[in-house]
Every structure is written in structure tokens, then in C-alpha cells.
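Chemist:
2 protein chains.
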Amino acid sequence: MESFTFHNPTVLDFGKDKEKQIGQHLASHGVKKVLLTFGSDRIKRDGLFDVVSRSLQTNQIEWVEFGGIVSNPVLSKVYEGIEVARANNVDAILSVGGGSVLDSSKAIAAGVKYDGDVWDLFLGKSPITAALPVFDILTLAATGSEMNCGAVVTNEATKEKFAINAPALFPKVSVVNPALMQTVTKDYLVYSAADIIAHSIEGYFTAAVQPHFQSRLVESIIKTVIETTEILIEDPLNYAARAEFAWASTQALNGLIYSGTAGFSYPNHMIEHSLSALYNVPHGAGLSVVMPAWMKWYHTKNPQQFERFAREIFGKSTAIEGIEALENWFNKVGTPTRLSQFNIASSELPVILENVLGNASYFGVADIYTREVSTEILENAF
Amino acid sequence: MESFTFHNPTVLDFGKDKEKQIGQHLASHGVKKVLLTFGSDRIKRDGLFDVVSRSLQTNQIEWVEFGGIVSNPVLSKVYEGIEVARANNVDAILSVGGGSVLDSSKAIAAGVKYDGDVWDLFLGKSPITAALPVFDILTLAATGSEMNCGAVVTNEATKEKFAINAPALFPKVSVVNPALMQTVTKDYLVYSAADIIAHSIEGYFTAAVQPHFQSRLVESIIKTVIETTEILIEDPLNYAARAEFAWASTQALNGLIYSGTAGFSYPNHMIEHSLSALYNVPHGAGLSVVMPAWMKWYHTKNPQQFERFAREIFGKSTAIEGIEALENWFNKVGTPTRLSQFNIASSELPVILENVLGNASYFGVADIYTREVSTEILENAF
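Protein chains in written order, with numbering that gives the first Met the number 0: chain A, 0 to 381; chain B, 0 to 381.
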């Protein structure tokens with residue numbers, strides 16, 4: 000095992016009706032005025048906004064609404080949020096939504112405290128030393144952002160989907176009420192499943208140091224996601240399954256499964272970021288296309304671990320059988336496994352390739368994901 | 000899944016040579032003077048004390064030595080520690096040792112800030128609202144105390160082994176260097192394995208609500224403990240195994256595996272506390288006696304989960320086969336499975352029984368662990 004420092008200070012308040020206490024959480028942190036970030040007006044129609052605003056009122060907390068954040072969140076909206084937050088002198092951000100709203104909120108939180116262009120922080124031109132405190136009510140379990148200090152945003156101008164990461168970005172309090180996720184569409188449920196599986200396998204397959212215990216934790220997450228996704232497709236109101244799905248999602252990217260591992264990279268996310276940056280495909284759907292394509296190229300680099308995956312997750316005996324079983328499972332639950340399913344023509348390959356090569360430089364893995372290798376993986380995806 | 004709030008603020012600094020940074024950790028928390036708690040003088044002979052004192056000196060931190068803390072730590076020593084801490088006006092405690100030193104340190108930390116008898120806190124007569132900050136360098140992986148807010152101490156006068164629990168008792172920073180554990184004797188290695196397995200199975204078997212994901216996490220811990228214990232018996236210097244053992248130990252009692260479960264109790268610990276309070280047997284050794292005895296009585300209350308345990312951990316098909324496999328494994332690695340191995344005569348049963356019944360009241364499970372039931376379990380242990 001490699002040396003590491005584990006410190007995850009986020010308070011995770013998990014369960015039914017927990018959103019009713021958001022005002023108390025904010026008040027106990029001395030917050031007086033928040034930027035209330037969200038996506039569509041759905042939260043106003045389904046009653047969540049009323050619950051939240053009542054809780055804020057009860058605790059004498061003012062808010063400024065900032066809606067309209069979209070999936071695959073964009074930099075222009077982050078700029079706008081920073082201006083609104085500054086103009087209104089808010090002292091915290093309350094994100095009500097999924098990972099896109101939360102990641103935008105983290106970027107706004109860091110941007111408010113930074114004198115230059117917030118995109119500098121994504122480019123690593125300046126460290127993130129301060130941020131407004133972020134609180135959130137999660138309505139979609141997928142990205143793990145509720146218990147980590149990262150955020151991913153797309154720069155529409157440059158078609159770059161890049162990330163920030165800093166301890167200041169850990170949410171102070173994340174409210175995870177699985178009942179709020181019961182209205183997630185079946186499509187987004189299975190895209191989310193693909194996202195969680197991707198978070199789980201990136202290190203599992205690529206780490207140079209991968210302790211058995213960490214592999215077992217990863218397998219626990221994947222088995223749970225597969226099991227609960229199948230239950231939820233049949234029975235979307237199954238609270239127990241919704242809860243296990245959400246809790247497994249949080250564990251997939253809160254630092255636990257990566258502790259003690261070393262030398263890993265995020266190739267599936269790296270390649271997928273090109274797809275969502277260029278064609279705005281849902282992140283999870285892009286990942287279910289990329290994963291089998293990448294695995295078909297990569298498995299010979301770590302055959303033992305791929306055999307382990309095949310055996311532990313699907314009861315199969317060879318690496319190839321395991322990859323096929325995962326691809327079949329994606330097909331079965333209805334998340335794409337080929338770029339053609341997004342109506343992306345094979346003539347687009349050179350465009351995607353250039354973006355992927357840019358990402359490979361950004362991720363520091365250009366020596367592995369060369370033009371030749373990236374072409375092979377993308378060809379697998381067509 | 001049940002509702003829960005997860006918040007574990009401890010910084011876990013894990014890996015080789017991490018103890019060299021203890022002074023920096025203390026300084027970054029503004030600490031100027033610590034009570035340096037430890038057990039035997041072994042840390043002075045093996046060089047650890049030198050490393051720690053150098054790091055303290057470099058960071059201008061004074062210390063007051065407080066050694067002589069024993070396994071199954073006792074209340075009289077906690078009283079003494081509180082006096083020394085007060086007399087020297089220390090502003091933090093630095094524990095260098097295993098769970099006994101750390102638990103004593105937590106009790107001292109709470110006691111210093113409490114006006115009355117610190118035992119009141121163990122009896123629940125007063126809540127713990129403040130404590131000196133606790134830091135630790137762990138030299139034995141077993142109790143999980145390095146990443147939780149509990150502590151267990153024995154009152155020698157009343158023969159009660161009771162616990163405290165409060166957020167103020169989370170260590171600020173825990174240093175876990177598996178290399179420091181390479182000198183743990185084979186006996187204490189296997190006792191520690193039993194302790195970790197006990198932490199893992201208490202909720203696994205007794206919880207009224209036990210999500211599958213949490214069961215998978217528990218099984219990941221137990222499989223890792225079994226695997227690494229066997230490696231370490233043959234090869235005590237195997238760093239990778241020592242590290243996985245330690246990390247699994249931390250995960251067994253830091254709140255993770257209990258999140259979302261409900262209605263569980265700690266019967267094995269409850270019964271074992273009587274053994275170590277009365278006969279000062281090593282806690283883990285007591286647990287390897289109690290677990291099979293308790294399981295033989297309890298398995299019919301939760302047959303599905305016992306079958307799951309048998310299948311997942313030992314590849315067996317019935318509950319009884321699973322229990323026997325665990326008992327055989329304890330015998331194989333050399334941790335006791337019968338009270339006679341401690342030279343406790345069967346005529347002692349009534350004495351143990353009275354202590355167990357007292358603990359059952361304290362744990363709030365007197366309705367389950369009646370005189371009749373407790374007798375049956377103890378008879379299984381003889």
C-alpha cells in the first residue's frame with residue numbers, strides 16, 4: 000500500500016426528510032445569506048423549493064436564486080454565478096440538484112474568492128486557497144461530488160471539460176435523501192449507474208499499487224450498483240434500493256477506494272469528457288460507450304485484475320468474458336455502448352481524437368494515450 | 000436503509016515514517032505542550048520515542064511523559080493522567096501506542112474538561128461537551144480507536160468495563176505507520192484479528208436493518224483480515240499485508256459499516272468485557288472465545304445472514320458450517336476458543352454471569368441477554 004492522508008470533513012446527512020433541516024445546518028455555520036443554485040424549475044413544481052425556502056425562512060437565512068444550470072455544466076454560467084454571488088454579497092452557496100449544479104456551485108465558490116479568471120483554477124495556473132462554503136441537497140446520485148472536493152466544468156469556447164480539486168471545496172453539509180431521487184428518469188438512472196461504475200473501475204484497473212482490500216471495496220460498490228439498478232428499473236419507488244444506490248455512489252468517489260493505491264489514471268473519464276464537451280452527450284451515457292471500448296484495448300496490460308473483475312462481478316472466467324458481460328449489462332439496462340447511438344458519425348473520429356489528445360496532455364497521460372492508442376479505443380467505440 | 004448522519008473529521012496520516020511529522024501536525028493545531036501517553040518503555044528502547052521527541056523539539060512543543068498504561072486500561076490510571084494533565088497545563092494529548100493507550104488518552108482528555116468524577120461520563124450521568132484535543136501514533140491495529148470517538152476503560156474497583164462516546168473525542172490526527180506494527184507479537188496479531196472480526200460481525204448479524212452494501216463492506220474487511228493474518232504469521236515483515244490489515248481495522252469501527260443499519264447491538268463485546276474486567280484476558284482473545292459461543296446460540300435468529308456469512312467468507316453452505324469454519328480458523332491461527340484456555344474453571348460461571356447481566360443492563364439489552372440466555376452462551380464457551 001502507498002502512503003496517503005485521508006481527511007474527509009463533509010457532514011453527510013442521509014435519509015428521508017433531511018432537506019427540512021438545511022436551514023439549521025446553514026445557521027449552525029453562521030450563514031446569513033446564500034446563493035441558491037439549481038437547474039430547471041422542476042424543484043419549484045415538485046415542492047422541494049418550498050421545503051427549502053421554508054427551512055431558510057425559519058432560520059432567518061436570506062437567499063438569492065440562481066437557476067438554469069444545465070447538465071455538463073458550462074463555464075459561462077459559472078462566470079454569471081460568480082457575478083451574482085459577489086453582487087449580492089452572499090456568504091455561502093446552497094446547491095439544490097445533482098452533480099452538475101453542485102460542481103457549478105463549487106466553481107462559483109472558488110471563483111468568488113479568486114481575483115482572476117476562474118478558468119485559471121481549472122488550468123492549474125493558480126492554487127485554490129479559499130472558497131465560499133458550499134452546502135447541498137442532492138437530487139441525483141452519480142458524481143460523488145457531495146462528499147469530495149472536486150468539480151468538473153466545460154469551457155464551451157475551447158471545448159475543454161476540465162476539473163478543479165482543493166480541500167476548500169468539500170461541501171460543509173450534504174443532504175442526501177434517496178426519496179428525492181425517486182423521480183429520476185430511467186435513462187438518468189442507468190447513466191448514473193455507468194458513472195458510478197466508471198468511478199469504481201478507473202483505479203481498480205489502472206493503479207500500479209492496488210491493495211486487495213481496495214479491490215474488494217470496489218467490487219462491493221459495483222455489485223450494489225448492478226443489483227439496485229435492476230431493482231429500480233422495475234420499481235422506481237423502492238426506497239431501500241434507491242438508498243443503497245445513493246450510498247454506494249457516494250463511496251465510489253469520496254477518497255475511500257483510492258486510499259493506499261498509486262499510479263492510477265482516469266482514462267475513461269478523460270475520453271468521455273471529449274464526448275460531452277463536443278456533443279453534449281450525458282456524461283454517464285458517454286462513459287458506458289467508452290468503458291467497453293477502453294477495456295478491450297487495455298485488458299492485456301493488467302490481465303489478472305481483469306480476470307478478477309470477470310470472476311467477482313459476473314462469475315465469468317476470462318477477461319474478455321467479463322468485458323462482454325459488462326457491455327451486455329449496459330445494453331440490457333439501456334445505456335449506450337456505441338457512439339452511433341448518439342448519432343455521431345464515424346467521420347467525426349478525427350475531431351474527437353484531437354480533443355482526447357488535448358485531454359491526455361491535461362491529465363498527464365499523453366505518453367500512454369498516444370494518437371495511435373486513442374484511435375484504437377475510439378474505433379472500438381464506433 | 001435507516002437515516003443517519005456521517006461525519007468523521009479525523010485526519011488519518013497513513014504510511015511509512017509518518018510519525019516523523021507528528022510535531023508539525025500538533026503545531027498546525029496550535030499545540031504548545033502535550034501529555035505524551037504510552038504503555039511500556041518499549042518505545043524508548045525501539046527508537047520511536049526518540050523520533051517523536053525530535054519531532055516535538057523541532058516544532059517547539061513541550062511534553063510531559065505519562066507512561067505505564069496497561070492493556071485493558073484501568074480507571075485509576077485515567078484519574079492519575081487527568082491530574083498530571085491539569086498540573087502541567089497541557090493543551091493536548093499525544094498517545095503513542097495501541098488502543099489501550101489511546102482510549103486512556105481519550106478518557107483523560109474528557110476528564111480534564113469535566114468538573115466531576117470522570118467515571119460519571121462512562122455511566123452517562125453527564126454528557127461529554129468538551130475534551131482536550133487528542134493526537135496519536137498507533138502501534139497496534141485492532142480497536143479502530145484511531146478513527147472513532149469512543150473509548151473503553153475498566154473500573155477495577157467495580158469490575159465494570161464501560162465506554163464513552165462523543166464527537167469531541169475524535170482524534171484530530173492519527174498517524175498509522177504499518178511498519179511500526181511489524182514487531183507486534185504473533186499472539187497479539189491474532190488477538191487483534193479477532194477484535195477486528197468482532198467489530199465487523201456485531202452489526203452484520205444483529206442489525207434489524209442491514210443493507211446488502213454494508214454486508215459487502217463487512218465481508219471485504221473480514222476476508223482481508225483473514226488473508227493478511229495468515230500472511231503475517233508466516234512473514235511478519237510483509238509491509239503490504241501489515242498495511243492492509245491496519246487499514247481494514249480502521250474501517251471496521253469508524254462508522255462506515257454501521258451507517259444506514261439500525262437496531263444492532265454489541266453482544267460479543269458485551270460478554271467479553273466481563274472476561275477482561277474479571278480476569279484481565281486480552282480483549283481479542285476473549286472475543287475469539289465469545290464469538291463462536293454466541294453464534295451457536297444466536298444463528299437461528301438470523302439464519303439467512305449466517306448462511307450468507309458461511310458462503311461469502313468460507314465457501315460453506317450452512318450457518319453451522321460457517322460458525323465451525325470461523326472457530327477452526329481461530330484455532331488454526333492460535334487465538335483461544337474456550338475459556339479453559341485462560342485457566343478459567345467452569346465453577347466461575349456464576350461470577351461471569353453476574354458481570355454479564357450487569358453489562359446487559361448497561362448496553363440496554365437485558366431483555367435479550369437474560370440469565371437463561373447468558374448462561375447458555377457462557378456454557379458454550381466452556
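Each residue gets a CB set at the ideal place from its N, CA and C atoms; glycine is no exception. Being a predicted model, the structure only gives us computed values, none of them experimental.
Let me know if T299 of chain B comes out buried or exposed under the rule of 16 or more other beta-carbons within 10 Å of its beta-carbon.
Modeler: As a position in the second sequence, residue 299 of chain B is number 300, starting the count at 1. Exposed, by the Cβ-count rule.
Chemist: Sorted by chain position, which residues of the same chain lie with C-beta nearer than 7 Å to K295 of chain A's C-beta, five sequence neighbours on each side aside?
Modeler: Mapped onto the first sequence, residue 295 of chain A falls at position 296. The residues are I322, N379.
Chemist: Under the three-state reduction of DSSP, which class applies to N154 of chain B: helix, strand or coil?
Modeler: The residue labelled residue 154 of chain B in the question sits at position 155 within the second sequence. Reduced to three states, the DSSP call for N154 of chain B is strand.
Chemist: On a CA-only basis, which of A:P8, A:A197, A:L356 is nearest G172 of chain A? Give me that one, please.
Modeler: Position 173 of the first sequence, counted from the first residue, corresponds to residue 172 of chain A. With the sequence shown as reference, residue 172 of chain A is identified as Val, and Gly is not the correct amino acid for it. Of A:P8, A:A197, A:L356, the residue nearest in Cα terms is A:P8.
Chemist: How far does the beta strand (DSSP E) with K160 of chain A in it extend, from its first residue to its last?
Modeler: Translated into the one-based positions of the first sequence, residue 160 of chain A becomes position 161. For K160 of chain A, the uninterrupted beta strand (DSSP E) run begins and ends at 159-164, by DSSP.
Chemist: Please classify Q213 of chain B: is it buried, with 16 or more other beta-carbons within 10 angstroms of its beta-carbon, or exposed?
Modeler: The residue labelled residue 213 of chain B in the question sits at position 214 within the second sequence. Buried, since its Cβ has 16 or more Cβ neighbours within 10 Å.
Chemist: Determine whether the beta carbon atoms of L131 of chain B and V89 of chain B lie at a separation below 9 Å.
Modeler: Locating residue 131 of chain B in the second sequence gives position 132, where the first residue counts as 1. Locating residue 89 of chain B in the second sequence gives position 90, where the first residue counts as 1. It is a contact, given that the beta carbons lie within the stated cut-off.
Chemist: What distance in whole Å lies between the Cβ atoms of I232 of chain B and I196 of chain B, which are believed to be in contact at a cut-off of 8 Å?
Modeler: The sequence position of residue 196 of chain B within the second sequence is 197, counting from 1. The sequence position of residue 232 of chain B within the second sequence is 233, counting from 1. At roughly 15 Å, the Cβ-Cβ gap does not stay under 8 Å, so I196 of chain B and I232 of chain B are not in contact.
Chemist: Mind pulling the chain A residues with CB within less than 8 Å of L216 of chain B?
Modeler: Within the second sequence, residue 216 of chain B is the residue found at index 217, counting from 1. Those within 8 Å of L216 of chain B in chain A are L216, S219.
Chemist: Straight-line CA distance for V33 of chain A to L93 of chain A?
Modeler: For the purposes of this step, residue 33 of chain A is taken as the residue at position 34 of the first sequence. For the purposes of this step, residue 93 of chain A is taken as the residue at position 94 of the first sequence. The alpha-carbon atoms of V33 of chain A and L93 of chain A are separated by roughly 6 Å.
Chemist: Quick one: what does DSSP say K295 of chain A is sitting in, helix, strand or coil?
Modeler: Residue numbering aside, residue 295 of chain A sits at position 296 when the first sequence is read from its first letter. Of the three classes helix, strand and coil, the one that applies to K295 of chain A here is helix, per DSSP.
Chemist: What are the start and end residues of the alpha helix (DSSP H) that includes T223 of chain B?
Modeler: Locating residue 223 of chain B in the second sequence gives position 224, where the first residue counts as 1. Counting along the chain, the alpha helix (DSSP H) containing T223 of chain B begins and ends at 211-233.
Chemist: Would you decide whether S104 of chain A is buried or exposed? Buried here means 16 or more other CB atoms lie within 10 Å of its CB.
Modeler: Here residue 104 of chain A is taken as the residue at index 105 of the first sequence, counted from 1. Buried: at least 16 other Cβ atoms inside 10 Å.
Chemist: Considering only DSSP beta bridges, list what A261 of chain B is partnered with.
Modeler: Along the second sequence, read from residue 1 onward, the residue named residue 261 of chain B stands at position 262. Note: A261 of chain B sits in a beta bridge opposite B:V208.
Chemist: Going along the chain, which residues of its own chain have a beta-carbon closer than 6 Å to the beta-carbon of N56 of chain A, five neighbours each way excluded?
Modeler: Along the first sequence, one-based indexing puts residue 56 of chain A at 57. The sequence shown places Gln at residue 56 of chain A, rather than the Asn named in the question. Around Q56 of chain A: no qualifying Cβ.
Chemist: Quick one: Cα of E347 of chain A to Cα of Q304 of chain B, how far?
Modeler: Mapped onto the first sequence, residue 347 of chain A falls at position 348. Mapped onto the second sequence, residue 304 of chain B falls at position 305. Using only the alpha carbons, I get a separation of about 52 Å.
Chemist: Please confirm whether E229 of chain B has its beta-carbon closer than 9 Å to some beta-carbon of chain A.
Modeler: Residue 229 of chain B sits at position 230 when you count from the first residue of the second sequence. Output row for E229 of chain B: interface = no.
Chemist: Quick one: which chain B residues come within Cβ less than 9 Å of L11 of chain A?
Modeler: As a position in the first sequence, residue 11 of chain A is number 12, starting the count at 1. Under the 9 Å cutoff, chain B gives F3, T4, F5, H6, S258.
Chemist: Can you tell me which of A:P335, A:I136, A:F362 puts its alpha carbon nearest to the alpha carbon of E159 of chain A?
Modeler: Locating residue 159 of chain A in the first sequence gives position 160, where the first residue counts as 1. Of the listed residues, the one whose Cα sits closest to E159 of chain A is A:F362.
Chemist: Do we get a CB-CB distance below 9 Å when we pair A84 of chain A with the residues of chain B?
Modeler: Along the first sequence, one-based indexing puts residue 84 of chain A at 85. Closer than 9 Å: no.
Chemist: Which of the three DSSP states, helix, strand or coil, is assigned to H6 of chain A?
Modeler: The sequence position of residue 6 of chain A within the first sequence is 7, counting from 1. In the structure shown, H6 of chain A sits in a strand (DSSP, three-state: E or B).
Chemist: For S173 of chain A, which residues does DSSP report across the bridge?
Modeler: Looking up residue 173 of chain A in the first sequence gives position 174. According to DSSP, S173 of chain A bridges with A:L11, A:D135.
Chemist: Contact between the segment 145-161 of chain A and the segment 200-215 of chain A is defined here as three or more beta-carbon pairs at a separation below 8 Å; is this criterion met?
Modeler: no
Chemist: At the 9 Å Cβ level, is M180 of chain B part of the contact set with chain A, yes or no?
Modeler: As a working mapping, residue 180 of chain B is identified with position 181 in the second sequence. False, the Cβ-Cβ gap to chain A never drops below 9 Å.
Chemist: Counting only Cβ-Cβ distances shorter than 7 Å, please list the residues of the segment 184-211 of chain B near chain A, keeping chain order.
Modeler: P210, H211
Chemist: I'd like to know whether the C-beta atoms of L179 of chain B and P235 of chain B end up nearer to each other than 9 Å.
Modeler: As a first step, residue 179 of chain B is located in the second sequence; it is residue number 180 there, counting from the start. As a first step, residue 235 of chain B is located in the second sequence; it is residue number 236 there, counting from the start. Taking 9 Å as the Cβ cut-off, L179 of chain B and P235 of chain B do not qualify as a contacting pair.
Chemist: In chain order, what are the residue ranges of uninterrupted alpha helix (DSSP H) at least 4 long that sit wholly in the segment 22-103 of chain A?
Modeler: 41-44, 47-57, 74-87
Chemist: Distance check for S219 of chain B and R312 of chain B, CA to CA, integer angstroms please.
Modeler: Along the second sequence, one-based indexing puts residue 312 of chain B at 313. Along the second sequence, one-based indexing puts residue 219 of chain B at 220. Residue identity differs from the one stated: residue 312 of chain B is Ile in this sequence, not Arg. Answer to the nearest angstrom: the Cα atoms are 9 Å apart.
Chemist: Could you tell me which of A:V372, A:K43, A:I136, A:A86 sits nearest to D16 of chain A, measuring between CA atoms?
Modeler: Residue numbering aside, residue 16 of chain A sits at position 17 when the first sequence is read from its first letter. The shortest Cα separation from D16 of chain A among A:V372, A:K43, A:I136, A:A86 belongs to A:I136.
Chemist: At which residues does the alpha helix (DSSP H) containing H250 of chain B begin and terminate?
Modeler: Indexing the second sequence from 1 puts residue 250 of chain B at position 251. The identity of residue 250 of chain B in the sequence shown is Gln, whereas the question assumes His. Run containing Q250 of chain B: 238-251, per the alpha helix (DSSP H) assignment.
Chemist: Using a 10 Å radius around the Cβ and a threshold of 16 neighbouring Cβ atoms, would you call E371 of chain B buried or exposed?
Modeler: Indexing the second sequence from 1 puts residue 371 of chain B at position 372. Exposed, since its Cβ has fewer than 16 Cβ neighbours within 10 Å.
Chemist: For chain B, check one thing: does any of its Cβ atoms lie closer than 9 Å to the Cβ of L252 of chain A?
Modeler: Locating residue 252 of chain A in the first sequence gives position 253, counting from the first residue. L252 of chain A does not count as touching chain B.
Chemist: What in chain A is Cβ-close to A239 of chain B, meaning under 8 Å?
Modeler: Counting from 1 along the second sequence, the entry for residue 239 of chain B is found at position 240. Within chain A, the residues near A239 of chain B are M0, P210.
Chemist: Could you say which of B:D114, B:K76, B:E79, B:F134 lies nearest to A26 of chain B if we only look at CA atoms?
Modeler: Counting from 1 along the second sequence, the entry for residue 26 of chain B is found at position 27. Ranking B:D114, B:K76, B:E79, B:F134 by Cα distance to A26 of chain B puts B:F134 first.
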